[in-house]
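Peer 1: Protein chains in written order, with this note's numbering: chain G, 22 to 135; chain A, 1100 to 1210. Don't be surprised by glycine CBs; every beta carbon is placed ideally from N, CA and C. Since the structure is predicted, the reported quantities are computational estimates derived from the model, not experimental observations.
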Amino acid sequence: DVKVTQSSRYLVKRTGEKVFLECVQDMDHENMFWYRQDPGLGLRLIYFSYDVKMKEKGDIPEGYSVSREKKERFSLILESASTNQTSMYLCASSGTSGGDNEQFFGPGTRLTVL
Amino acid sequence: RKEVEQDPGPFNVPEGATVAFNCTYSNSASQSFFWYRQDCRKEPKLLMSVYSSGNEDGRFTAQLNRASQYISLLIRDSKLSDSATYLCVVTPDNYGQNFVFGPGTRLSVLP
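(1) How far does the beta strand (DSSP E) with S88 of chain G in it reach, from first residue to last?
(2) Whose CA, out of G:G63, G:H50, G:E123 and G:Q124, lies closest to the CA of R94 of chain G?
(3) Assign A1119 of chain A to buried or exposed, taking buried as 16 or more other Cβ atoms, counted over all protein chains shown, within 10 Å of its Cβ.
(4) Suppose contacts are defined by Cβ-Cβ distances below 9 Å. Is R1165 of chain A in contact with S1125 of chain A by that definition?
(5) Just verifying my parser: in three-state terms, what is the DSSP assignment at D49 of chain G?
(6) Would you tell me roughly how many angstroms separate the C-alpha atoms of K83 of chain G and R1158 of chain A, rounded to the nearest one?
(7) Below 7 Å on C-beta distance, what does Y1202 of chain A contact in chain G?
(8) Comparing alpha-carbon positions, which option in A:K1141, A:P1143, A:D1138 and A:W1134 lies nearest E1155 of chain A?
(9) Would you check if the segment 56-68 of chain G and the segment 29-43 of chain G touch, i.e. whether three or more CB-CB distances between them fall below 8 Å?
(10) For E93 of chain G, decide whether its Cβ has a neighbour in chain A, counting only Cβ atoms nearer than 9 Å.
(11) What is the rounded straight-line gap between the Cα of M53 of chain G and the Cα of S108 of chain G?
(12) Using a Cβ cut-off of 9 Å (strictly closer), state whether Q1152 of chain A contacts chain G.
(13) Along chain G, in chain order, which residues have C-beta atoms closer than 7 Å to that of P1143 of chain A?
(14) Can you give, in chain order, each stretch of the beta strand (DSSP E) that sits fully within the segment 22-83 of chain G and has at least 3 residues?
(15) Show which residues of chain A have a CB atom less than 9 Å away from the CB atom of L111 of chain G.
(16) At what residues does the beta strand (DSSP E) containing V195 of chain G begin and finish?
(17) Which whole-angstrom value is the C-beta distance of D1181 of chain A and V1208 of chain A, which I expect to be below 8 Å?
(18) Measuring only between beta-carbons, confirm whether Q1162 of chain A sits less than 9 Å from chain G.
(19) If I'm right that T1190 of chain A touches S1131 of chain A with Cβ under 8 Å, what's the distance once you round it to whole angstroms?
(20) With 16 as the cutoff for other CB atoms within 10 Å, does N122 of chain G come out buried or exposed?
(21) Less than 9 Å between CB atoms is the rule here; does E90 of chain G satisfy it with respect to chain A?
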């Protein structure tokens, strides 16, 4: 059974704190993604990575950074959390070799910044 | 114009009804198409891929019209468990990158 796991389901942080969200996939996928999802705004891409140490900005990268040191792990970092970063964060992965290349999502991390 | 647009919904239908969702996309070079289902406060999960010839999976039928840049999802004999948000997803390539999500259409199946 394919799996994408995220380090926390719920997280509460204070304004200005540094926040790490971790994602691990066991499908040997090349591509990994971080999205945030807010009511009325749908899924918005923050960053994605197509290989180890490679990253590309998505639609809303401001205030975020990412790290991909190993193929199976993709981290999202909020350098200084702000209240407008309160959201549901979803990690996903996809392959590139054959098949439909659909995305598989983790269960999400609901982050609240106070 | 948004890249992927869907019926705004919500759709409230009785059990047993047939319901159809529509999705249009703006990038004519799009290569792969999917329908995802997202339950409340859960992650999106793949419902089905959409092929040029159309495809069916039990009560679910997906159609693609490349000329009109239009995708549809038909659900027959709706069940209470079909209540969810349905997301239309389009990608311009076959490399597993650049997924564009529609805003989703919420379905409530009522007893």
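Peer 2: Per the coordinate set shown:
(1) As a first step, residue 88 of chain G must be located in the first sequence, where it is residue number 67. Element bounds for S88 of chain G: Y85 to K91.
(2) Counted from its first residue, the first sequence places residue 94 of chain G at position 73. That would be G:H50, whose Cα lies nearest to the Cα of R94 of chain G.
(3) Numbered from 1 along the second sequence, position 20 holds the residue referred to as residue 1119 of chain A. Answer is exposed; the Cβ neighbour count stays below 16.
(4) Start at 1 with the first residue of the second sequence, and residue 1165 of chain A comes out as number 66. Start at 1 with the first residue of the second sequence, and residue 1125 of chain A comes out as number 26. No, the pair does not count as a contact, with Cβ atoms beyond the cut-off.
(5) Stepping through the first sequence from its first residue, residue 49 of chain G is reached at position 28. Coil.
(6) Locating residue 83 of chain G in the first sequence gives position 62, where the first residue counts as 1. Locating residue 1158 of chain A in the second sequence gives position 59, where the first residue counts as 1. Per the sequence shown, the amino acid found at residue 83 of chain G is Glu instead of Lys. Rounded to the nearest angstrom, the two C-alpha atoms are 42 Å apart.
(7) Residue numbering aside, residue 1202 of chain A sits at position 103 when the second sequence is read from its first letter. The residue you asked about is not Tyr; residue 1202 of chain A is Pro in the sequence shown. Here the neighbours are G63.
(8) For the purposes of this step, residue 1155 of chain A is identified with residue 56 of the second sequence, where counting begins at 1. Nearest C-alpha to E1155 of chain A: A:W1134.
(9) no
(10) As a position in the first sequence, residue 93 of chain G is number 72, starting the count at 1. By this cut-off, E93 of chain G is not an interface position.
(11) Taking the first residue of the first sequence as 1, we reach residue 53 of chain G at position 32. Taking the first residue of the first sequence as 1, we reach residue 108 of chain G at position 87. So the two alpha carbons sit approximately 19 Å from each other.
(12) Walking along the second sequence from the start, residue 1152 of chain A turns up at place 53. The identity of residue 1152 of chain A in the sequence shown is Ser, whereas the question assumes Gln. For S1152 of chain A, the answer is no, since every Cβ of chain G falls outside 9 Å of its Cβ.
(13) Position 44 of the second sequence, counted from the first residue, corresponds to residue 1143 of chain A. The contacting residues are F126.
(14) 25-27, 31-34, 40-46, 52-59 and 63-70
(15) The residue labelled residue 111 of chain G in the question sits at position 90 within the first sequence. Those are E1142 and P1143, listed as they occur along chain A.
(16) Limits of chain G in this structure are 22 at one end and 135 at the other, which puts residue 195 of chain G out of reach.
(17) Within the second sequence, residue 1181 of chain A is the residue found at index 82, counting from 1. Within the second sequence, residue 1208 of chain A is the residue found at index 109, counting from 1. Rounded, the Cβ-Cβ distance is 5 Å, consistent with contact.
(18) Here residue 1162 of chain A refers to the residue found at position 63 when the second sequence is read from its first residue. Not one chain G Cβ lies under 9 Å of Q1162 of chain A.
(19) Residue mapping note: residue 1190 of chain A aligns to position 91 of the second sequence, counting from 1. Residue mapping note: residue 1131 of chain A aligns to position 32 of the second sequence, counting from 1. Yes, T1190 of chain A and S1131 of chain A are in contact; Cβ-Cβ is about 5 Å, under 8 Å.
(20) Translated into the one-based positions of the first sequence, residue 122 of chain G becomes position 101. Its Cβ being crowded by 16 or more others within 10 Å, N122 of chain G is buried.
(21) As a working mapping, residue 90 of chain G is identified with position 69 in the first sequence. Output row for E90 of chain G: interface = no.
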